Structure formats: C-alpha cells, structure tokens
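Below is one structure, written out as structure tokens; comments come after it.
Number of protein chains: 2
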Amino acid sequence: MTQKKSHHHGNLRATLVEAGVELVREGGPDALSIRKVAAQAGVSHAAPAHHFPSLAHLRTAVIAEGYRRFTQSMEDAIAAAPDTALDKALGACFGYLRFARAYPGLFTTMFGTYAHRVDDEDLCEASDGSYAVLARISAPFAGANPVETELAIWSMVHGYASLAVGGHAMMADEAAAEHFFRSLFAKLNLAEKGV
Amino acid sequence: MTQKKSHHHGNLRATLVEAGVELVREGGPDALSIRKVAAQAGVSHAAPAHHFPSLAHLRTAVIAEGYRRFTQSMEDAIAAAPDTALDKALGACFGYLRFARAYPGLFTTMFGTYAHRVDDEDLCEASDGSYAVLARISAPFAGANPVETELAIWSMVHGYASLAVGGHAMMADEAAAEHFFRSLFAKLNLAEKGV
DNA sequence: CGATTTACTTGACGCTGTCAAGTTCGTGAT
DNA sequence: ATCACGAACTTGACAGCGTCAAGTAAATCG
C-alpha cells in the first residue's frame, strides 16, 4: 500500500482536489488557491507542491473532477427521462444545465480560459467521457455528418447554459429552459432518423 | 474644460482602460492588473485608485469598452453583407465570431464570471447596444415571441464562439463556421416571415 | 541497521490589491 | 492677489498569493 496512505497525511492529493472543488464552488474560479486548499487540508502552504507543481496543475485536477460530475449529472437526467430518443436528448440538456446552475464556478472554470494543462491525461479522459454522452444522445438524430448534429446540440445547450450562468435574468427559470429546448429541438427538425 | 485634462496626467482614465484592453488581449483575463495598467500609463501604482477604486471597477470599464468593439465588429460585418435579412443575420454571427477570435481574452473577460460591477451604468449601456444589434437582425424572423428567436440565435452563436475560443479544434476553421451557421439557419426554419 | 527516497515544513522572494498619509497642483472665493 | 480647498497623484506599508530553496521526519530498501 504505497499508493494510498502516505506517511504523514493519508491521501492528500484527493483531499486537496476535493477542497479545490469546494473553493471554486463557493467563491468562483478565482477563489482557487494553493495556500487555501493546503489550509483546508491542514497541511503547510507548500505541501501541495509535490502533488501539484503549479496552480495550473491543481486547477487541471479540479476541472477533471468537474467533468466527472458533469458527466454524472447528464447521465442521471438521461436515466430519469422517458425512454424515447428525444426525451433522452432533452434529458441530457437538462442535466447539462442543472450542473451549470449547481456549480456555476466549476462550470466557468471548466469552460473558461483559466490556465490549466490541456493535454493532461486524466483531464482528457474525463472530458472525453462527457463528449461521449453528447455523441450518444445525438446519434439517433444524425444525418450524413454526425458531428454537425453534435455541434448543433452542443452549441445550443452550451450557449444557453453559459448565458444562464452569466446571470442573464431571462434564462433563470427552469421551466423556461425546458420550453426553450423543446421548441428548439422541434424547430431543428431533429426528428428521429435512425433507430 | 474641467472634465478632460486633469492637471498631472491628461486623460488618465481612458489611458488606463486602453492599457487594460491591451493587457487582456495579450495575456487573457488574469493579466489585468491595477499595477500593470498604472505602469503602462507611466503613473504610480496607486494612481488608478481614484478612477477605479477596485480591480472590479477597472475590469468593468474594460468590459464596457469590449462591448463597444463587439458591437462595432457585428455592425461592420452586417454592413459588408448582402442586403437580405438572412445575410445580415449571418453577417452579425460572423462579426460575433470574428470578435471572439480577434480578442479571445477580452471575449472571455466579458462573458466569463470575473468579478465586475454588473449594474454599472456605462457597462449596461454598452451591453444594451450589443443586444440591440442582435434584436435588430432577429426581428425579420421573429414569430409570436421575438425573444425566443433572439435567444435561439444568441445561444447558437455564443455557444459556438465560446467553444471556438476554448480552443476546440473542430471550430477553428472560418469556412466551417460559415457552413455551420448557414445550414443551422436553414434548419431553424428561420425563413423571413415579416418585412 | 544505515542509506536513500518520499512527504512534508519552514522560510524567503517578488508580485498582487488595497489602505493610509502626504504632496502637488488647479480652481474658486474673498 | 492670495488663501483655502479639493482633486489628482505619490510614497509607503500590509497581507495574501505562487513559487523556489533548504531543512526535517518518516517509510522503504539493500
């Protein structure tokens, strides 16, 4: 058991990431600080350096964890939706939006341009997991070029979520979002094509 | 002429905002700093305090200036477009996207959740100017509820631009963007209804 | 059992925003 | 004309930040 319990603190890395997610959730992207996650974990201000050589490394880990929760939020909403392709797709959109509203700071950290390690393996794996959900719910509506359909849906929901998180009042209501997505899917001629 | 030339420096406020825009353009949202804009303007580190009591105040002014350039970018593209409602609307989208690509740091600062004064009068005026352009080009396609059409177009272009600025490779090509917007407008059944 | 490696601590450096106090200059009143 | 006042700016300080350097304690290994 060399991997988990280190001699001084047990499992410090995970504790730091958890503290980071909480900081970002409560105080937004700029609230993330090496010294604060260290304090939260009860270690010295330079302790995180061994696990995260720079703030960008820490932020990368926080973002990766964000993607995992993001994926889970969509999966939960999909699971709760009626068993039609349209309802599943709408469910994914609601899960997307629900995550953005529940974790606005984390959402902004993930999709903003805050310095982080874009090529980090763990991060890529986590974000690929999110994209896979999008591709999956898009598939039944895909025409000749599946990517185009994925982009249409992604742009739509991401734009809506971004503006909602930005505090635009007209996007604050959840019922309004549901109506918006439903009518937009209808307008998009996103009728089931395959399957 | 009490308003322009202050005794020590002439027109310091505007100089600071200009320096701020340049900093954000070159180094992204986090590159904006009171001390750096002061240095750029050749004044002491605390000089900006009288014009901008906090970093949030300075950022607010930078964002407001961003909206003015944003509006101008859309207006330029609209003016260059053929004289049909669809081409004008597409032009606005291209102007939107072109601004996001030319000033990714400013774009992110404007639409991110960086601390700023949301109710600032100058900022509201500037952002209202941008929204007015959107409403204008949307008007010819509006159904019973004009806001819904505005939101559809805005979400679409903003989502696309956000993801493009985020560095997603598949959105890097300008020709691809044109094709994407054209086909999406077509799909949206955004046929001219009025006028 | 001693040596090495790993995980952490302490301390320091320069940069940041922000506050306090002092200075310089322009304006308006007397 | 001068005096007072206030606006614009300077200097100086403070705490918090990321980050590097050096030291220490604990676990592992030959």
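Keeping their order, the protein sequence lines are chains R and U. Each residue of the first sequence is one higher than the last, beginning at -16 in the working numbering. Each residue of the second sequence is one higher than the last, beginning at -16 in the working numbering. Cβ atoms here follow ideal geometry from the backbone N, Cα and C, with glycine treated the same way. Predicted model only: the values in this text are computed from it and were never measured.
Using a C-beta cut-off of 8 Å, the stretch 47 to 65 of chain R makes no contact with the stretch 22 to 37 of chain R, since fewer than three inter-stretch Cβ pairs fall below that distance. Where P12/R is concerned, there is no enclosing alpha helix (DSSP H), because DSSP gives it neither an H nor an E.
Residues of chain R whose Cβ lies closer than 7 Å to the Cβ of M139/U are, in chain order, S138, M139 and G142. In this structure R165/R is in contact with L73/R, their Cβ atoms being roughly 7 Å apart against a cut-off of 8 Å. Residues of the stretch 105 to 138 of chain R that bring their beta carbon within less than 8 Å of a beta carbon in chain U comprise V130, E131, L134, A135, W137 and S138, in sequence order. Within 8 Å of the CB of V148/R, the CB atoms of chain U belong to T96, in sequence order along the chain. For G74/R, DSSP records no beta bridge to any residue. Against chain U, the beta carbon of F53/R has no neighbour under 8 Å; the closest one sits roughly 14 Å away. Taken through DSSP and simplified to helix, strand or coil, G49/R comes out as helix.
For S166/R, the enclosing alpha helix (DSSP H) starts and ends at E157 to K170.
Taking a cut-off of 8 Å on C-beta distances, the stretch 100 to 117 of chain R touches the stretch 39 to 52 of chain R, as three or more cross pairs fall below it. In terms of beta-carbon proximity, G11/R lines the interface with chain U, with at least one pair separated by less than 8 Å.
The beta-carbon of V101/R is placed less than 8 Å from the nearest beta-carbon of chain U. About 12 Å separates the beta carbon of L89/U from that of A144/U, a gap too long to meet the 8 Å contact definition. Taking the C-beta atoms as reference points, L167/U is found no nearer than 8 Å to W137/U.
With a beta-carbon spacing of about 16 Å, H34/U and L6/U fall beyond the 8 Å limit used to define contacts.
Contact annotation for T91/R against chain U: G95 and T96 [CB-CB distance below 8 Å, chain order]. In terms of beta-carbon proximity, S56/R stays away from the interface with chain U, with every pair separated by 8 Å or more.
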